[in-house]
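For the sequence shown, this note's numbering gives the first residue as 4, with consecutive numbering after it. The structure under discussion appears below in the form of structure tokens.
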Amino acid sequence: MTTDLHSLADLSTFALVVQHRGFRQAARASGQSASALSESVRRLESQLGIRLLLRTTRSVTPTEAGALLLSRLQPALNDVASALDVLNDLRDSPRGTLRLNVPVSAVLFFLQPIVDQFMRKYPDILLDIVIDNNFVDVVASGCDAGIRYGERLEQDMIAVPIGPLTQRFAVAAAPAYLARRGIPEHPRDLLQHACLRGKFLSGAIFPWEFERDGQKLSLDPSGPLIVTPTVMDLAVNAAVAGHGVIYLFEEWLAPYMASGQLQPILQDWWLSFPGPFLYYSGRRHLPAPLRAFVDFIRAPDGAGQGSAAAVQKKKIAR
């Protein structure tokens, strides 16, 4: 195959479609039409004389040949992107796209003012926010960086504190529920209560963890409702309605406890933990938009809480 600008564009399109696992998803990310992307990949397959993608109504996956091509192609595309990004250093203000993978809690409790200030300072940078509570490989997922908690960060990731430096998990229930079922005096008492649970999109259910005077407990109570973080308000509303006990970020429950709709319980056992981190790969060129965001988070003007600590490497705790 003769390599020209047209072929390079088709190769980039192929990588984009695999990265986003579908033509529609890749079209949304790139601003192109799904039909144009599909035609580009068909043209590439015709030029190479081999099928690169397996297409179904639900998914798009690379064939063995496609996976082999992508493994050799992706580093080269990253090098091209890095070379073009050097031009950002010649501009007064960086431009480009910054794609962040963040959990629901980040959006609800601390990310909005950071995003607002960053957008004002860097109007030429497009922020693409992806909501995902599962831990993901940010590079493989096509994101530049993500936000997660320290115990869920992989080795070789650079981590910068962002948002609150410490947080707590609170436990609460409606006064009517507690009047009916009694107030738990120890975390193990929750095993006899109706508990409203949360789970990851992978299906793994969150454990309820407690700590007091150095003693740690981890429980898996049962109850009438399990929800993913994207619809956690269903569990909160169920707790307010008196259906059971809820265990969640203190910030999430604070307005309901302040209004008296929920009553805090077991406060001596509430688990404190370090706040979230902005994380990204330490083994790749830092694109100008991401470099600007990291510098913004670490700035001493309070835009991001990450200025309180140095950049550090975190290892995942399993």
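Think of the CB as a built atom: it goes at the ideal place given N, C-alpha and C, for glycine as much as any other residue. Fair warning: this is a prediction, and the values are worked out from it, not measured in the lab.
The beta strand (DSSP E) that contains residue i, what's its start and end?
{"i": "residue 56", "result": "56-58"}
{"i": "residue 110", "result": "Element bounds for residue 110: n/a, residue is neither H nor E."}
{"i": "residue 190", "result": "Unbroken run through residue 190: none, as it is neither H nor E."}
{"i": "residue 228", "result": "228-230"}
{"i": "residue 64", "result": "63-65"}
{"i": "residue 221", "result": "218-222"}
List the DSSP bridge partners of residue i.
{"i": "residue 104", "result": "133, 149"}
{"i": "residue 279", "result": "Residue 279 pairs with nothing; no bridge assigned."}
{"i": "residue 208", "result": "202"}
{"i": "residue 170", "result": "276"}
{"i": "residue 19", "result": "Answer is none; residue 19 lacks a bridge partner."}
{"i": "residue 26", "result": "DSSP lists no partner for residue 26."}
{"i": "residue 123", "result": "Note: residue 123 sits in no beta bridge, so no partner."}
{"i": "residue 215", "result": "218"}
{"i": "residue 99", "result": "128"}
Classify residue i as helix, strand or coil using the three-state DSSP reduction.
{"i": "residue 1", "result": "Lying before the first or after the last residue shown, residue 1 is absent from the chain, which here runs from 4 to 321."}
{"i": "residue 52", "result": "coil"}
{"i": "residue 258", "result": "helix"}
{"i": "residue 284", "result": "strand"}
{"i": "residue 175", "result": "strand"}
{"i": "residue 267", "result": "strand"}
If you drop the 5 nearest sequence neighbours on each side, which residues of the same chain put their C-beta closer than 8 Å to that of residue i?
{"i": "residue 55", "result": "17, 44, 47, 48, 65, 66, 68, 69, 72"}
{"i": "residue 260", "result": "173, 175, 266, 267"}
{"i": "residue 243", "result": "177, 259, 264, 265"}
{"i": "residue 235", "result": "107, 201, 251, 255"}
{"i": "residue 62", "result": "24, 25"}
{"i": "residue 231", "result": "136, 201, 202, 203, 204"}
{"i": "residue 293", "result": "101, 147, 148, 283"}
{"i": "residue 210", "result": "221, 222, 223"}
Just curious, the alpha helix (DSSP H) that residue i is in, first and last residue?
{"i": "residue 237", "result": "235-243"}
{"i": "residue 250", "result": "No alpha helix (DSSP H) holds residue 250; the beta strand (DSSP E) holding it covers 248-252."}
{"i": "residue 181", "result": "178-184"}
{"i": "residue 292", "result": "291-301"}
If I measure Cβ to Cβ from residue i and keep anything under 7 Å in the same chain, skipping five residues before and after, which residues do I get?
{"i": "residue 27", "result": "37"}
{"i": "residue 190", "result": "213, 220, 222, 269, 272"}
{"i": "residue 96", "result": "125, 127"}
{"i": "residue 76", "result": "14, 18"}
{"i": "residue 171", "result": "253, 273, 274, 275"}
{"i": "residue 118", "result": "130"}
{"i": "residue 53", "result": "68"}
{"i": "residue 227", "result": "197, 246, 247"}
Only counting the same chain, and skipping five residues up and downstream in sequence, which positions put a Cβ closer than 6 Å to that of residue i?
{"i": "residue 160", "result": "282"}
{"i": "residue 285", "result": "159, 161"}
Taking only beta-carbon atoms, is residue i less than 8 Å away from chain C?
{"i": "residue 296", "result": "Of the chains in the structure shown, none is chain C; there is only one protein chain."}
Contact the stretch 233-244 vs the stretch 159-166: 3+ CB pairs below 8 Å:
no
Do the stretch 274-283 and the stretch 182-199 make contact, defined as three or more Cβ pairs closer than 8 Å?
no
Quick check: the stretch 197-208 against the stretch 96-116, are there 3 or more CB pairs under 8 Å?
no
For the structure I just gave you, are there three or more beta carbon pairs, one from the stretch 288-305 and one from the stretch 209-227, closer than 8 Å?
no
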